[in-house]
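Per the working numbering, numbering of the sequence shown is gapless, rising by one per residue and ending at 276. By construction, the Cβ of each residue, glycine as well, lies at the ideal position given by its N, Cα and C atoms. A quick note: this is a predicted structure, and the numbers were derived from the prediction, not measured.
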Amino acid sequence: MTPRLITIDLDGTLLRNDCTISPVTREVILDCMKNTDTIFVPCTGRSYKNSRFVLKDFPTFPYYINANGTTLTEGPSETLLHASVLPLETGCQVYSAAKEYQTFIEIYHGLTAYDSAVGRENLRKSACEEDYIEQLLYTNTHLEDLDDFVLKEKRPISKFHIVCVDPKEKTQLKDRLSHLPGVFPISTTPFNIEICCNGWSKREGLKKLCEILQISSEEIAAIGDSENDYEMIQWAGCGIAMGNADEKVKNAAQYVTGSNEEDGIVQALRYLGVLG
Numbered sequence: 001m002t003p004r005l006i007t008i009d010l011d012g013t014l015l016r017n018d019c020t021i022s023p024v025t026r027e028v029i030l031d032c033m034k035n036t037d038t039i040f041v042p043c044t045g046r047s048y049k050n051s052r053f054v055l056k057d058f059p060t061f062p063y064y065i066n067a068n069g070t071t072l073t074e075g076p077s078e079t080l081l082h083a084s085v086l087p088l089e090t091g092c093q094v095y096s097a098a099k100e101y102q103t104f105i106e107i108y109h110g111l112t113a114y115d116s117a118v119g120r121e122n123l124r125k126s127a128c129e130e131d132y133i134e135q136l137l138y139t140n141t142h143l144e145d146l147d148d149f150v151l152k153e154k155r156p157i158s159k160f161h162i163v164c165v166d167p168k169e170k171t172q173l174k175d176r177l178s179h180l181p182g183v184f185p186i187s188t189t190p191f192n193i194e195i196c197c198n199g200w201s202k203r204e205g206l207k208k209l210c211e212i213l214q215i216s217s218e219e220i221a222a223i224g225d226s227e228n229d230y231e232m233i234q235w236a237g238c239g240i241a242m243g244n245a246d247e248k249v250k251n252a253a254q255y256v257t258g259s260n261e262e263d264g265i266v267q268a269l270r271y272l273g274v275l276g
């Protein structure tokens, strides 16, 4: 059965290693969006504003799932349909702990993300690729400091994205954060830590969208590669892992397609019967 909705991760899935989209993959998705009834939905750890920038060569998608499933936005109106946020005290604790290390702290609030001057300096010292850094920072709101935002104004936070310069510090910080109540840190790269409310994942964001559209999990296909894709791939009627995916993700999937460097998305769409 052709899925009614296909959700596609960005980094390591739709995006190649240099953070670009293969022209072949782009044209195939555009053709499927135009000539089929299947709903395509980006589902990413990135903020809404950043995903719109990354996907600028596509028409507006009807929905966007962002910040590891903690925000759900209607594309045409840019209406935030749902936001899951960390308890204020937890947000303060995570931020205060991360500040003690050499880190880039990115805070997701609403449709965008915020960072600090010292964080941006640390990000450029990290093992992140320059293409990724430039793309990530392009749509962020750049603050001199995040202290007031978190500790004084106590703004609700959907997600923390923390990049550590020192791998040893990442291990120490991740272990420390895991002991905070309701905090379940994950890593999608060897040098980052991501935190959402009570382990909220892309699966929960996808569930929220399915409730709105009255679509069952059996009618969903989910494509991804990383730890933050595991739950949605396991939950969807058809979970597809990229060839470059973590083994845990591959084991949860019904089908393993080619890598993000091999137009694996095209192979997956053919497998799903969306592409002839």
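Beta-carbon proximity of residue i to residue j, cut-off 9 Å
{"i": "Thr141", "j": "Gly45", "result": "no"}
{"i": "Glu129", "j": "Cys19", "result": "yes"}
{"i": "Leu209", "j": "Ile21", "result": "no"}
{"i": "Ala117", "j": "Glu100", "result": "no"}
{"i": "Leu146", "j": "Ile105", "result": "yes"}
{"i": "Pro185", "j": "Lys168", "result": "no"}
{"i": "Tyr230", "j": "Asp246", "result": "yes"}
{"i": "Cys164", "j": "Ser126", "result": "yes"}
{"i": "Thr70", "j": "Ser178", "result": "no"}
{"i": "Leu206", "j": "Met232", "result": "yes"}
{"i": "Leu86", "j": "Pro156", "result": "yes"}
{"i": "Pro59", "j": "Leu10", "result": "no"}
{"i": "Asp115", "j": "Leu123", "result": "yes"}
{"i": "Val256", "j": "Gln135", "result": "no"}
Proximity winner among the options, relative to residue i (alpha-carbon distances)
{"i": "Lys49", "options": "Ile6, Gly110, Asn68, Ala83", "result": "Gly110"}
{"i": "Met1", "options": "Ala221, Asn244, Gly243", "result": "Ala221"}
{"i": "Gly75", "options": "Thr171, Ile107, Phe40, Glu153", "result": "Phe40"}
{"i": "Cys238", "options": "Pro59, Asn251, Glu247, Ile162", "result": "Asn251"}
{"i": "Ile282", "options": "Ser77, His82, Glu78, Asn68", "result": "Limits of the chain in this structure are 1 at one end and 276 at the other, which puts residue 282 out of reach."}
{"i": "Gln267", "options": "Glu169, Gly243, Ile105, Lys248", "result": "Gly243"}
{"i": "Ala83", "options": "Trp235, Thr13, Cys92, Glu204", "result": "Glu204"}
{"i": "Trp200", "options": "Lys154, Asp9, Gly182, Ile215", "result": "Gly182"}
{"i": "Asp148", "options": "Glu211, Gly273, Tyr95, Cys196", "result": "Tyr95"}
{"i": "Leu14", "options": "Thr25, Asn228, Ala127", "result": "Thr25"}
{"i": "Glu211", "options": "Gly12, Leu72, Cys32", "result": "Leu72"}
{"i": "Thr171", "options": "Tyr114, Gln102, Glu121, Gly119", "result": "Gln102"}
{"i": "Glu153", "options": "Gly91, Asp11, Thr60", "result": "Gly91"}
{"i": "Ala236", "options": "Ser217, Asp263, Val249", "result": "Ser217"}
{"i": "Leu277", "options": "Tyr63, Ala97, Lys202", "result": "This structure gives no information on residue 277, because the portion of the chain shown stretches from 1 to 276."}
{"i": "Lys202", "options": "Ser47, Cys32, Glu262", "result": "Ser47"}
{"i": "Tyr63", "options": "Asp57, Lys56, Ser77", "result": "Ser77"}
Inter-residue CB distance, residue i and residue j (contact presumed, cutoff 8 Å)
{"i": "Asn192", "j": "Ile162", "result": "6 Å"}
{"i": "Thr139", "j": "Thr112", "result": "6 Å"}
{"i": "Ile8", "j": "Ile223", "result": "5 Å"}
{"i": "Leu5", "j": "Thr38", "result": "7 Å"}
{"i": "Glu219", "j": "Pro3", "result": "6 Å"}
{"i": "Gln254", "j": "Leu180", "result": "So it is not a contact: roughly 35 Å between Cβ atoms."}
{"i": "Ile195", "j": "Phe160", "result": "4 Å"}
{"i": "Arg52", "j": "Asn260", "result": "About 20 Å separates the two Cβ atoms, so there is no contact after all."}
Three-state secondary structure (DSSP) of residue i
{"i": "Pro23", "result": "helix"}
{"i": "Lys159", "result": "strand"}
{"i": "Phe58", "result": "coil"}
{"i": "Asn228", "result": "helix"}
{"i": "Asn192", "result": "strand"}
{"i": "Val256", "result": "strand"}
{"i": "Cys238", "result": "strand"}
{"i": "Ala127", "result": "coil"}
{"i": "Asp147", "result": "helix"}
{"i": "Leu15", "result": "strand"}
{"i": "Ala222", "result": "strand"}
{"i": "Thr171", "result": "helix"}
{"i": "Asp115", "result": "strand"}
{"i": "Ile215", "result": "coil"}
{"i": "Leu136", "result": "helix"}
{"i": "Leu30", "result": "helix"}
{"i": "Leu269", "result": "helix"}
{"i": "Leu10", "result": "coil"}
{"i": "Leu180", "result": "coil"}
Next on the checklist: Which runs of the alpha helix (DSSP H) at least 4 residues long sit entirely within the region 33–109? Give them in chain order.
Outcome noted: As summarised for the region 33–109, the continuous alpha helix (DSSP H) elements at least 4 residues long and confined to that stretch are 48–54, 88–99, given in chain order.
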